[in-house]
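Asker: First residue of the sequence shown? That's 1 in our numbering, and the numbers climb one at a time after it. Beta carbons: idealized from backbone N, C-alpha and C, even for Gly. Below is the structure I would like to discuss, written out as structure tokens.
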Amino acid sequence: MSFQVALNFEDGVTRFIECRPDETVAEASYKARINIPLDCRDGACGTCKSLCESGRYDGGDYIEEALAEDEAAQGYCLPCQMTPQSDLVLRIQSSSAAAKTAAATHTATLTDIKRHSSTTVEFTLDVDDRGALDFLPGQYVNIAVPGTDQTRSYSFSSGPNQHRISFLVRLVDGGAMSGYLHERARPGDRLEFTGPMGGFYLRDLTRPALLLAGGTGLAPLLSMLERLAQNRLAHPVHLLYGVTTDEDLVHVDTLEDFAELIPGFTFDHCVADPGSTARTKGFVTGLMDARTLHDGEADVYLCGPPAMVEAVRGHIARMGVAPVSFRYEKFTPAAVRATAEAA
Ligand code: FES
Numbered sequence: 001m002s003f004q005v006a007l008n009f010e011d012g013v014t015r016f017i018e019c020r021p022d023e024t025v026a027e028a029s030y031k032a033r034i035n036i037p038l039d040c041r042d043g044a045c046g047t048c049k050s051l052c053e054s055g056r057y058d059g060g061d062y063i064e065e066a067l068a069e070d071e072a073a074q075g076y077c078l079p080c081q082m083t084p085q086s087d088l089v090l091r092i093q094s095s096s097a098a099a100k101t102a103a104a105t106h107t108a109t110l111t112d113i114k115r116h117s118s119t120t121v122e123f124t125l126d127v128d129d130r131g132a133l134d135f136l137p138g139q140y141v142n143i144a145v146p147g148t149d150q151t152r153s154y155s156f157s158s159g160p161n162q163h164r165i166s167f168l169v170r171l172v173d174g175g176a177m178s179g180y181l182h183e184r185a186r187p188g189d190r191l192e193f194t195g196p197m198g199g200f201y202l203r204d205l206t207r208p209a210l211l212l213a214g215g216t217g218l219a220p221l222l223s224m225l226e227r228l229a230q231n232r233l234a235h236p237v238h239l240l241y242g243v244t245t246d247e248d249l250v251h252v253d254t255l256e257d258f259a260e261l262i263p264g265f266t267f268d269h270c271v272a273d274p275g276s277t278a279r280t281k282g283f284v285t286g287l288m289d290a291r292t293l294h295d296g297e298a299d300v301y302l303c304g305p306p307a308m309v310e311a312v313r314g315h316i317a318r319m320g321v322a323p324v325s326f327r328y329e330k331f332t333p334a335a336v337r338a339t340a341e342a343a
């Protein structure tokens with residue numbers, strides 16, 4: 001028996017290793033040829049100190065100088081001493097290059113291209129070695145656009161346990177992936193991508209969660225909801241989904257299905273275009289108040305274009321209700337990702 005340990009590096013690269021309950025995370029990393037930072041290997045120096053974001057473990061033996069009591073209470077841990085008691089997600093305080101590893105490369109076949117509207121397309125891939133691809137719900141990959149020398153970053157809209165993986169793309173004039181999907185893409189095409197990447201992923205739910213999506217920023221949140229639907233844990237999770245026009249509004253039926261499947265999940269959506277037929281017109285900020293934020297006792301996950309992310313951040317600051325944690329990811333048409341955390 002072994003547990004899966006996700007090692008998330010400072011540059012967003014994530015590697016997954018198998019770790020037995022009777023071996024330390026450092027030993028398992030070494031066997032996987034991943035050199036996480038180590039010095040004493042004895043719980044004395046603190047060099048390997050990491051943050052455990054999910055899972056249970058035995059912290060092992062160490063001295064106060066290596067890991068203080070308050071740090072341990074916050075979830076910091078020492079991989080050279082800790083042994084897993086469940087699957088774990090660890091944030092490693094080094095780059096992947098320093099640990100002599102890198103994002104994995106995968107190959108896949110394009111199986112489906114679904115045109116939701118004139119602005120939004122979803123495509124699905126069958127990965128050659130699906131068993132070798134693990135990811136945390138909310139993460140993204142860098143996809144080489146066929147027929148070009150360009151890569152674009154897209155968050156998984158599918159869940160980590162679904163066999164086929166899918167991505168949502170907003171079509172933009174002159175965009176590399178937009179051009180490919182619009183003009184040349186055919187089922188059977190071969191694609192290559194690297195990843196998973198990113199620090200925008202679902203943590204353990206310990207308090208109400210507020211999910212905020214702008215446009216195709218819905219994708220990583222769909223992946224998170226897929227995970228919640230799988231676990232079917234009763235927990236208050238509310239999603240606010242904002243788009244610019246009715247054409248941009250996709251997957252409302254999927255959200256309705258999630259509302260049936262996930263106990264405690266509710267959602268609302270709005271469209272900025274005054275001519276929209278949507279019940280609520282305007283921006284997601286118009287749907288946010290202190291109650292939505294549970295007076296600050298909430299974890300917030302936000303993914304959308306930069307203007308939307310900044311508008312939400314400003315709105316929360318003006319409300320004077322700081323959520324316990326606030327994680328957000330901005331994307332641009334070129335899909336350069338900026339992930340941040342404001343806790
Ligand atoms: Fe020294 Fe882990 S390597 S405490």
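Under a three-way DSSP split, which group does HIS235 fall into?
Answerer: Here HIS235 sits in coil by DSSP.
Asker: Between which residues of its own chain and GLN322 is the CB-CB distance below 6 Å, once the five residues before and five after are set aside?
Answerer: The amino acid at residue 322 is misidentified as Gln; the sequence shows Ala. So the list reads GLY296, once near-sequence residues are dropped.
Asker: Which whole runs of the beta strand (DSSP E) in the stretch 267-310 are 3 residues long or more, in chain order?
Answerer: Runs of the beta strand (DSSP E) inside the stretch 267-310: 299-304.
Asker: What distance in whole Å lies between the Cβ atoms of GLY217 and PHE331, which are believed to be in contact at a cut-off of 8 Å?
Answerer: Contact holds; Cβ gap of about 7 Å.
Asker: Closest to LEU293 by CA distance: which of SER223, THR194, VAL13, ARG207 is it?
Answerer: Taking only the C-alpha atoms, the option nearest LEU293 is ARG207.
Asker: Determine, using beta carbons only, whether MET224 and GLY138 come nearer to each other than 8 Å.
Answerer: Their beta carbons are under 8 Å apart, which means MET224 touches GLY138 by this criterion.
Asker: Measure the CB-CB distance between THR124 and SER166 and report whether it falls below 8 Å.
Answerer: Yes. Within cutoff.
Asker: Got a sec: does the ligand GDP put a non-hydrogen atom nearer than 7 Å to the Cβ of LEU38?
Answerer: Only the ligand FES can be found as ligands here, which leaves the ligand GDP out of the picture.
Asker: Given that a residue counts as buried once 16 or more other Cβ atoms are within 10 Å of its Cβ, and exposed if not, what is GLU329?
Answerer: Label assigned to GLU329: buried.
Asker: If GLY75 sits next to LEU38, beta carbons under 8 Å apart, how far is it from one beta carbon to the other, in whole angstroms?
Answerer: Not really, about 20 Å apart at Cβ, beyond 8 Å.
Asker: Just grab the DSSP bridge partners of GLU192 for me.
Answerer: Beta-bridge pairing links GLU192 to THR107.
Asker: Counting only the same chain and skipping the five closest in sequence on each side, list residues whose C-beta sits under 6 Å from that of ASP87.
Answerer: Around ASP87: PHE3, GLN4, GLY55.
Asker: Going straight from the alpha carbon of VAL127 to that of GLY159, what length do you get?
Answerer: Cα-Cα distance, rounded: 14 Å.
Asker: Is any heavy atom in the ligand FES found nearer than 7 Å to the beta carbon of TYR30?
Answerer: No - the ligand FES has no heavy atom lying nearer than 7 Å to the Cβ of TYR30.
Asker: Is DSSP giving TYR328 helix, strand or coil here?
Answerer: DSSP places TYR328 in strand when its eight states are reduced to three.
Asker: Whose C-beta lies closer than 6 Å to the C-beta of LEU221 among residues of the same chain, with five residues either side of it excluded?
Answerer: Only LEU211, ALA213 meet the Cβ criterion.
Asker: Quick one: any contact between the stretch 26-38 and the stretch 60-73, if contact means 3 or more CB pairs under 8 Å?
Answerer: No: the two stretches stay apart, fewer than three of their Cβ pairs being nearer than 8 Å.
Asker: With DSSP run on the structure shown, which of helix, strand or coil describes ALA28?
Answerer: ALA28: helix per DSSP, three-state reduction.
Asker: For the ligand FES, any of its heavy atoms closer than 7 Å to the Cβ of ARG41?
Answerer: Yes - the ligand FES has a heavy atom lying nearer than 7 Å to the Cβ of ARG41.
Asker: Verify whether the separation of the beta carbon atoms of GLY12 and MET177 is less than 8 Å.
Answerer: Not closer than 8 Å, so no.
Asker: Alpha carbon to alpha carbon, what distance is there between GLN230 and ALA345?
Answerer: Only positions 1 to 343 of the chain appear in this structure, which leaves residue 345 out of reach.
Asker: Report whether the distance from the Cβ of LEU228 to the nearest heavy atom of the ligand FES is below 7 Å.
Answerer: It does not: the Cβ of LEU228 is nowhere closer than 7 Å to a heavy atom of the ligand FES.
Asker: Spell out a yes or no on whether the stretch 226-241 and the stretch 258-266 are touching, meaning 3 or more CB-CB pairs, one atom from each, closer than 8 Å.
Answerer: At 8 Å Cβ cutoff, the stretches touch.
Asker: Let me make sure I understand the geometry here. Which of TYR201, SER153, ARG227, GLN150 has the alpha-carbon closest to that of GLN162?
Answerer: Minimum Cα distance to GLN162 is reached at ARG227.
Asker: Cα separation between ALA32 and ALA99?
Answerer: Their Cα atoms are separated by approximately 11 Å.
Asker: In the DSSP output, which residue or residues are listed as bridge partners for ASN142?
Answerer: In the DSSP output, where bridge partners are listed per residue, ASN142 has SER153, THR194.
Asker: In chain order, what residues of the same chain have a beta carbon less than 7 Å from the beta carbon of PHE283, not counting five sequence neighbours either side?
Answerer: Here the set comprises GLY242, CYS270, ALA272, ALA311.
Asker: Would you call GLU183 buried or exposed, if buried means 16 or more other Cβ atoms sit within 10 Å of its Cβ?
Answerer: Under this definition GLU183 is an exposed residue.
Asker: Hey, out of ASP189, CYS40, ASP257, PHE135, whose CA is closest to ASP112's CA?
Answerer: Nearest of ASP189, CYS40, ASP257, PHE135 to ASP112, Cα basis: ASP189.
Asker: Identify, in the order they occur along the chain, each residue of the same chain with its Cβ nearer than 6 Å to the Cβ of ARG20, setting aside the five sequence neighbours on each side.
Answerer: Hits under 6 Å: SER2.
Asker: State the Cα-Cα distance for the pair ALA290 and MET319, rounded to the nearest angstrom.
Answerer: Going by the C-alpha atoms only, they are around 7 Å apart.
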